[in-house]
Every structure is written in C-alpha cells, then in structure tokens.
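Counted from 1, the sequence shown has number 1364 at position 20 by this note's numbering; the numbering is strictly sequential.
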Amino acid sequence: MEPLLVEAFRYNKWANLHLLDVCAGFTDEQLQLTAPGTYGTIAATFSHLLAAEQRYLRRLGGGEPQINERDSVFPGIAALREHATRSGDRLIEIAPNVSPDESHESKTGREGPVMLHSGVVVIQALHHGNDHRTHICTILGHHGLDYGDMDVWAFGESTGALVRLGP
C-alpha cells in the first residue's frame, strides 16, 4: 500500500486537471472573470497556483519551475494543463520519499530568509491548491458557470476508491 500522502497528491492533481478541463473551452473574456474575495482573474489564479506548485517542488528537490506567474502573457489553459500534469506527477513520485523533518532554506519569507521543514512545504502545497481552486470555483459560481463535482468523494468515485453499494 502506498503512503497516504501519495493519495493526497493524486487528489491535488485530479482536482487541478478537472478544473483546467472545465475552463478549457472558455473565451479570453471568461478567463478574465473574477469575483469579490478571490485572488484575481481565473487566468491569474491558475497561473499563480501552478507556478507556486512548481516552487514547492523545487524546495522538495523535485526540479526547477517551468512557469513564472509574473510573465506578462497568459500561457493558455492547454499549456497550464501540461504543467499541472508534470508537477502533479512529480509530487506523486517524490511523496513517498519526503521526510517531514528535512530542512530547507527559503529566501521567500516575508521578513527575510527562513528555514522550514519539508512537512511545512508539503502541507502548504496541498492547502494552497485547495485554496486557489476554491477561488476559481467561487468565480465560476458567481458568474453562473458550472464546474461539476470536484470534491474528494467525486475523486473517490472517479478512481474506484469509493463505490456506491445501493440507493
């Protein structure tokens, strides 16, 4: 049996891809939609979510980021889907070997460089993904756009880990 952390990152990847697929047919105008209380536009939120995921991977020894959310040109949903697939696969791959107490220096602390454990990076990666996917779902709901069922129960059904036994 694989570690539970692997399953958590499988959900993270599945949810990212589900939401990217929902938005794949959107117009440029729809990708610029936003709603009060969210990070920004759908496009900006996806770019931020996936660029950050790649930065978390770097901290865990999983490679260098391939996208930068500060780029002035939105790469498009198809390109972000490729990044989400790669970073999702890489997080799943390294999850069994991540030691929660391994220390990493980060230059991105709000008050200067910090030392943090891998466990903090892993939890932040999972939380950050959920947080910003929720922002995108809020935007979609605010504008009357359906995003389907993407909770953990839907993930379980899609993977066969949850099977309905009757009515």
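Here a beta-carbon is modelled for each residue, glycine too, at the ideal position from N, C-alpha and C.
Predicted model, so just to flag it, every value in this text is computed and none were measured.
{"Asked": "At which residues does the beta strand (DSSP E) containing HIS1461 begin and terminate?", "Found": "1458-1461"}
{"Asked": "Would you tell me roughly how many angstroms separate the C-alpha atoms of GLY1381 and GLY1407, rounded to the nearest one?", "Found": "32 Å"}
{"Asked": "Looking at LEU1364 and LEU1424, is the spacing between their C-beta atoms short of 8 Å?", "Found": "yes"}
{"Asked": "Can you tell which of PRO1409, GLU1455, ASP1372, ALA1387 has its C-alpha closest to the C-alpha of ILE1480?", "Found": "ALA1387"}
{"Asked": "By alpha-carbon positions, which one of GLU1446, GLU1455, LEU1375 ends up nearest to VAL1464?", "Found": "GLU1446"}
{"Asked": "Sorted by chain position, which residues of the same chain lie with C-beta nearer than 7 Å to ILE1483's C-beta, five sequence neighbours on each side aside?", "Found": "LEU1377, THR1378, ALA1379, THR1382, ILE1386"}
{"Asked": "Quick one, are the C-beta atoms of THR1429 and LEU1348 less than 8 Å apart?", "Found": "no"}
{"Asked": "Indicate the three-state DSSP secondary structure (helix, strand or coil) for HIS1487 in the structure shown.", "Found": "coil"}
{"Asked": "Which residue from ASP1415, ALA1422, HIS1392, GLY1473 puts its Cα closest to that of THR1371?", "Found": "ALA1422"}
{"Asked": "Do you know how far the Cα of SER1502 is from the Cα of ASP1495?", "Found": "11 Å"}
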